[in-house]
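Notes to accompany the following structure.
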Amino acid sequence: MDFVALNFLPNIQCTGVMSLENLDELQWRSPEWVNTFGLRTDNVLEYFSQSPFFDRTSNNQVLKMQNQFTDTNYYNKPYDQLLQDLRKMKGVEFVIAMVREPDFWIIRKQNRLSENETVTISDYYIIGSSVYMAPITHSILSSRFLASVLSLRNASSQLQDLPAFSPSNGHQYLLQTSDSSVPHPYTDSAAQIPDTSANAFSNLLNLSLQNNAIELDSMPSTGINEASWRMEKTEST
């Protein structure tokens, strides 16, 4: 989301919708400030202080409030002088971590524990006149892992719809049937069907379909009733 700052005077705090947005999803810039003062390494921190990313309880703001009325030349001091003043203090501060003039700077927010010990909190990019917050590594990895898991889940669902294959049996196609449409052989509806060869074949086929397999080896191809066929075979032997 791109916000254009309409006011670029010092100490103007950004309020309203910008304070409600997630900072890592925010883009901020102030063309009016850049057109008036320009954007250079010696004033890039002052430009950054107008953005909603700036912490107004930081040591930078404390030094600014202490010197803006007592030292008329405060804004023209070199950046090295600001670093020397910040090293004498403890707490949150903003420094320039990288410079690639004329259009790229990295601003680092860090917690100073001592003169030579600091802990990085976050980084911010200034590209041209636009200011961005560097994304958190945890957020990037979480997003990538979530996308990978969703892709694997979709692929697994598609693989389940494919026919099963084994070297011994080849492809096996499972027939999807509804159990409610197939009468159970021991129910009253199945008992009322006359015991003919056609009905016997139909019952056997329905039972086979119910188990998602077609097994016709137990049904003789002569078309006679299976019980009568077995009885005749026993008598002949």
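Letter by letter, the sequence shown follows residues 1 to 237 of full-length UniProt numbering.
Backbone N, C-alpha and C fix where the C-beta goes; we use that ideal spot for every residue, glycine too.
Note that the structure is a prediction, hence the values are computed from the model and not measured.
1) Any contact between the stretch 34 to 50 and the stretch 157 to 167? By contact I mean 3 or more CB pairs, one from each, below 8 Å.
2) Would you mind giving the Cβ-Cβ distance between Asn67 and Leu86, rounded to the nearest angstrom? I have them listed as a contact below 8 Å.
3) Out of Val34, Val92, Ser51, which has the shortest C-alpha to C-alpha gap to Tyr132?
4) Classify Ala97 as helix, strand or coil using the three-state DSSP reduction.
5) Here's a check: name, in chain order, each residue in its chain whose Cβ is nearer than 7 Å to the Cβ of Leu39, leaving out the five neighbours to either side.
6) Can you check DSSP and say which residues form a bridge with Lys77?
7) Please report the straight-line C-alpha distance between Gly91 and Asn116, rounded to a whole angstrom.
8) Could you give the first and the last residue of the continuous alpha helix (DSSP H) run that contains Ile136?
9) Strictly by DSSP, which residues pair up with Ala147?
10) Under the three-state reduction of DSSP, which class applies to Phe37: helix, strand or coil?
11) Which two residues bound the contiguous beta strand (DSSP E) that contains Lys109?
12) Hey, out of Ser122, Ser166, Arg56, Ala97, whose CA is closest to Lys109's CA?
13) Using the Cβ count rule (16 or more neighbours within 10 Å means buried), how would you classify Lys88?
14) Using a Cβ-Cβ cutoff of less than 6 Å, which residues in the same chain neighbour Thr118 once the five nearest sequence positions on both sides are dropped?
15) Could you tell me how far apart the beta carbons of Ile106 and Tyr125 are, in whole angstroms, since I believe they sit closer than 8 Å?
16) Rounded to the nearest angstrom, what separates Asp217 and Arg153 at their Cα positions?
17) CA-CA distance, Ile140 and Asn35?
Short version:
1) no
2) Here residue 67 is taken as the residue at index 67 of the sequence shown, counted from 1. Here residue 86 is taken as the residue at index 86 of the sequence shown, counted from 1. About 13 Å; that fails the 8 Å criterion.
3) Here residue 132 refers to the residue found at position 132 when the sequence shown is read from its first residue. Of the listed residues, the one whose Cα sits closest to Tyr132 is Ser51.
4) As a working note, residue 97 is residue 97 in the sequence shown. Strand at Ala97.
5) Within the sequence shown, the letter at position 39 stands for residue 39. Within the same chain, Leu39 has close Cβ partners Tyr47, Ser129.
6) In the sequence shown, the residue the question calls residue 77 occupies position 77. For Lys77, which the question treats as bridged, DSSP gives no partner whatsoever.
7) As a first step, residue 91 must be located in the sequence shown, where it is residue number 91. As a first step, residue 116 must be located in the sequence shown, where it is residue number 116. Cα to Cα, the separation comes out at about 13 Å.
8) Looking up residue 136 in the sequence shown gives position 136. Neither: Ile136 is in no alpha helix (DSSP H) and is coded neither H nor E.
9) One-based indexing of the sequence shown puts residue 147 at position 147. Looking at the DSSP assignment, Ala147 forms no beta bridge with any residue, so it has no partner.
10) Start at 1 with the first residue of the sequence shown, and residue 37 comes out as number 37. It is helical.
11) Here the question's residue 109 lines up with position 109 in the sequence shown. It spans 104 to 112 - the beta strand (DSSP E) in which Lys109 sits, taken as one unbroken run.
12) Residue 109 sits at position 109 when you count from the first residue of the sequence shown. Considering only alpha carbons, the answer is Ser122.
13) Your numbering for residue 88 matches position 88 in the sequence shown. Label assigned to Lys88: exposed.
14) As a working note, residue 118 is residue 118 in the sequence shown. Answer for Thr118: Gln110, Arg112, listed in chain order.
15) As a first step, residue 106 must be located in the sequence shown, where it is residue number 106. As a first step, residue 125 must be located in the sequence shown, where it is residue number 125. The pair is a contact, with the Cβ atoms about 6 Å apart (cut-off 8 Å).
16) Position 217 of the sequence shown, counted from the first residue, corresponds to residue 217. Position 153 of the sequence shown, counted from the first residue, corresponds to residue 153. Low confidence applies here, because Asp217 scores a pLDDT of 47, under 50, leaving its location unreliable; read the following figure in that light. The alpha-carbon atoms of Asp217 and Arg153 are separated by roughly 40 Å.
17) Residue 140 sits at position 140 when you count from the first residue of the sequence shown. Residue 35 sits at position 35 when you count from the first residue of the sequence shown. When rounded, the distance between both Cα atoms is 35 Å.
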